[in-house]
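In our numbering, the protein residues as written are 5 to 753.
A quick write-up on the structure given underneath.
Shown next, in the form of structure tokens:
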């Protein structure tokens with residue numbers, strides 16, 4: 005029997021659905037019932053202050069997953085069974101609770117039992133305060149509420165921690181975010197936002213190709229090399245290096261003083277001399293001419309440019325004639341104890357010494373509007389806005405971190421909506437709750453620390469971080485998995501992750517340094533990609549297992565297409581260690597080979613795309629092996645992978661026609677997300693002797709379906725097409741030639 009009672013406190017215990025979740029709950033903890041069985045936890049203090057730390061109770065015995073900021077910019081996942089294992093700056097805490105016993109053996113396998121339910125804690129914004137969770141060595145679960153301004157104080161905070169429960173962890177998080185959206189009114193759920201069009205096209209970012217040395221000639225060479233290989237990007241991000249900046253602390257001819265590079269400040273909203281005729285080819289007199297040229301010559305649909313939330317890393321230069329009208333001044337960051345208690349970062353540490361040129365919050369919209377209107381007039385279609393969390397350290401004297409973040413974020417969103425027609429904004433370095441719960445129209449945000457091509461021990465962490473962070477971020481924005489290199493030891497590892505991530509697919513290859521075999525598995529000839537419907541997230545049986553350091557667990561990431569599911573399986577073990585965890589000193593000299601199972605039940609909500617004629621079974625196609633299997637919902641396939649190896653499975657519900665034909669479209673067999681090519685399916689009786697199954701598809705290449713009977717013929721856009729049928733496994737394949745437009749395929753029985 006499902007207990008639906010809301011959370012309550014009885015005899016010093018926090019109870020959820022009849023189970024004790026926290027013991028030794030202090031008397032100053034206040035539980036305020038919410039809606040739909042949820043509640044808020046808050047507390048009171050005898051002394052007003054700008055930073056409170058309250059103990060909620062003792063947490064022991066339940067498996068938990070947490071998402072926490074290991075440094076100021078980014079979250080990563082953490083795992084454990086007690087309050088002592090919950091790090092500072094935790095921004096999501098999910099507990100797995102079973103009726104049979106509170107502690108499960110780590111070696112248990114298979115899906116959770118029907119009696120499993122989940123409890124979610126979300127530290128949120130409450131007025132001028134933001135909240136995070138943390139544990140203590142005594143297994144206490146605490147929340148920290150802080151304003152970021154010594155003059156912004158209170159003595160009670162009533163709605164800082166949201167608590168809810170549910171039987172499905174993904175529905176629980178989604179429903180909780182929707183409740184908070186309505187109750188708080190400071191952000192919007194992803195379903196209520198306009199999705200930028202660039203997400204459905206292949207892109208190129210200049211960062212890892214050139215870093216700050218980016219210039220028109222290099223961009224031109226890069227676009228040409230993609231074109232020569234037959235795989236042209238349709239959007240471009242001109243990253244850091246195009247702006248007019250100055251480093252006041254760097255004297256010409258002297259060695260760089262480490263840290264001063266982050267104090268470099270913006271001088272003007274216009275492009276620097278590299279993008280003007282004095283330092284570029286004759287065909288590029290300015291940014292406007294350059295963008296027009298590359299759009300026309302290389303078929304670019306969208307060009308984005310980079311800037312920091314404060315203008316540049318060190319803000320703007322107060323003495324600049326262009327900047328004076330925005331009333332800038334130098335302020336010095338004050339970092340939260342939670343941030344410096346985890347992993348310090350060189351950027352805010354440097355700026356504590358050199359300061360940030362911050363624009364008057366009353367003038368920040370004017371700044372963004374001037375910048376974005378100039379960019380738009382020069383052919384720029386959107387912006388990637390970086391270093392956003394720096395604002396949390398600058399709230400003193402401005403009403404606190406929450407208020408300052410909201411003012412900047414609202415101004416940014418208003419300006420981008422006004423100047424760029426398709427909500428073309430990518431948020432970056434923005435994993436604090438101040439930003440997350442202030443995103444009203446922001447629709448895309450980077451979901452992890454950068455892809456770092458020269459750091460072999462960071463590759464598995466990147467994939468795992470994005471997948472787990474997407475549990476939270478994916479309900480508010482489309483998680484951006486960052487760029488990667490198509491020609492890299494881990495290219496397929498990253499490529500498959502992005503194919504199933506429901507995200508943008510873009511690379512940062514240097515000119516001439518591409519693997520077009522990899523790219524052609526991600527990108528159709530017209531430059532479009534087969535993007536899945538949602539944010540790719542860990543499967544339910546992976547939520548409480550460490551896929552990077554436990555030495556035995558594979559990471560499975562699931563998603564949905566319009567008519568099928570997809571699961572990517574990754575071996576992230578033995579190739580790196582989480583920050584703040586004991587480092588694996590001697591990584592295995594040979595790949596760590598691990599086995600696991602993949603099942604249709606790994607794809608939550610797959611019944612939503614199965615259709616009325618679904619018989620409960622699935623056709624499961626493995627991309628790398630090319631094998632096709634038929635499985636019931638709880639059936640499984642064994643998969644064995646070495647470190648940094650992966651496989652992707654298309655899981656297509658089998659439909660039974662009126663004539664008894666068992667049929668399931670697979671999709672484009674040579675694309676990582678094969679099922680993303682299938683748009684719709686229909687069936688009809690042409691006459692008493694002919695039965696037709698019709699599917700609409702997008703793209704070209706080798707197309708496959710599962711069919712229990714060999715059709716008499718196959719028609720593609722009303723013309724008969726040859727096909728190959730394997731009677732042993734039911735796989736039918738045919739070649740779709742020509743362009744990438746939508747086309748109708750008819751199977752006639």
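Cβ atoms here follow ideal geometry from the backbone N, Cα and C, with glycine treated the same way.
Since this is a predicted model, take the numbers as computed values, not measurements.
Quick one: what does DSSP say residue i is sitting in, helix, strand or coil?
i: residue 468; result: helix
i: residue 394; result: helix
i: residue 105; result: Per-residue confidence for residue 105 stands at a pLDDT of 45, beneath the threshold of 50, marking its modelled position as unreliable; the derived number appears in the next sentence. If DSSP states are grouped into helix, strand and coil, residue 105 belongs with coil.
i: residue 453; result: coil
i: residue 360; result: strand
i: residue 718; result: strand
i: residue 650; result: strand
i: residue 414; result: helix
i: residue 507; result: coil
i: residue 753; result: coil
i: residue 177; result: helix
i: residue 620; result: strand
i: residue 353; result: helix
i: residue 743; result: coil
i: residue 286; result: Residue placement at residue 286 is poorly supported in this model, since its pLDDT is 49, which falls under 50; the coordinates are not used for a value here.
i: residue 615; result: coil
i: residue 475; result: helix
i: residue 21; result: coil
i: residue 748; result: strand
i: residue 441; result: coil
Going along the chain, which residues of its own chain have a beta-carbon closer than 7 Å to the beta-carbon of residue i, five neighbours each way excluded?
i: residue 621; result: 634, 635, 636, 658
i: residue 36; result: 43, 44, 46, 162, 163
i: residue 409; result: 395, 396, 438, 439, 442
i: residue 418; result: 369
i: residue 218; result: 210, 242, 243, 245, 246
i: residue 446; result: 417, 429, 431, 481
i: residue 107; result: Per-residue confidence for residue 107 stands at a pLDDT of 48, beneath the threshold of 50, marking its modelled position as unreliable; no derived number is given.
Quick one: what's got a C-beta closer than 6 Å to residue i's C-beta in the same chain, skipping five residues either side?
i: residue 291; result: 275, 279, 382
i: residue 579; result: 464, 647, 648
i: residue 498; result: 488
i: residue 684; result: 700
i: residue 171; result: 121
i: residue 105; result: With a pLDDT of 45 at residue 105, under the threshold of 50, the modelled position of this residue cannot be trusted, and the question is left open.
Can you check which of these residues, the options, is closest to residue i by C-alpha distance?
i: residue 326; options: 356, 273, 296; result: 273
i: residue 225; options: 298, 558, 429; result: 298
i: residue 214; options: 228, 244, 406, 191; result: 244
i: residue 664; options: 640, 682, 695; result: 695
i: residue 318; options: 258, 390, 301; result: 390
i: residue 157; options: 165, 55, 615; result: 55
i: residue 450; options: 474, 456, 457; result: 474
i: residue 231; options: 367, 529, 617; result: 529
i: residue 610; options: 512, 174, 238; result: 174
i: residue 522; options: 495, 531, 543; result: 495
i: residue 139; options: 59, 128, 492; result: 59
i: residue 586; options: 537, 82, 14; result: 82
Kindly indicate the opening and closing residues of the alpha helix (DSSP H) around residue i.
i: residue 146; result: First-last for residue 146: 144-150, but that is the beta strand (DSSP E), not the alpha helix (DSSP H).
i: residue 520; result: 520-523
i: residue 297; result: 291-302
i: residue 211; result: 211-214
i: residue 226; result: 220-232
i: residue 601; result: First-last for residue 601: 598-602, but that is the beta strand (DSSP E), not the alpha helix (DSSP H).
Name the two residues that bound the continuous beta strand (DSSP E) containing residue i.
i: residue 737; result: 735-740
i: residue 247; result: 247-250
i: residue 2; result: Since the first residue of the chain shown is 5 and the last is 753, residue 2 is not available in this structure.
i: residue 76; result: That residue, residue 76, is in no beta strand (DSSP E); it is neither H nor E in DSSP.
i: residue 125; result: 121-127
i: residue 343; result: It is not in any beta strand (DSSP E) - residue 343 instead sits in the alpha helix (DSSP H) that spans 341-344.
i: residue 427; result: Segment: none, residue 427 is in no beta strand (DSSP E) and carries neither H nor E.
If you measure from the beta carbon of residue i to each beta carbon in chain B, is any gap under 9 Å?
i: residue 659; result: No chain B appears in the structure shown, which is made up of a single protein chain.
Going along the chain, which residues of its own chain have a beta-carbon closer than 8 Å to the beta-carbon of residue i, five neighbours each way excluded?
i: residue 50; result: 159
i: residue 629; result: 651
Item to check | Stretch-stretch touch, CB-based, cutoff 8 Å, three pairs: the segment 599-606 with the segment 547-563 | outcome: yes
Next on the checklist: Using 8 Å as the cut-off, can you tell me whether the segment 415-432 makes contact with the segment 376-395, which would need three or more C-beta pairs spanning the two stretches below that distance?
Outcome noted: yes
Checklist entry - How do the segment 406-418 and the segment 449-466 stand: do at least 3 beta-carbon pairs fall below 8 Å, yes or no? => result no
Next on the checklist: Does the structure place the segment 550-558 close enough to the segment 222-241 that three or more beta carbon pairs sit under 8 Å?
Outcome noted: no
Checklist entry - Is there contact here, the segment 697-716 with the segment 734-750, by at least three beta-carbon pairs under 8 Å? => result yes
Checklist entry - Are there three or more Cβ pairs, one per stretch, closer than 8 Å when the segment 175-193 is compared with the segment 61-74? => result no
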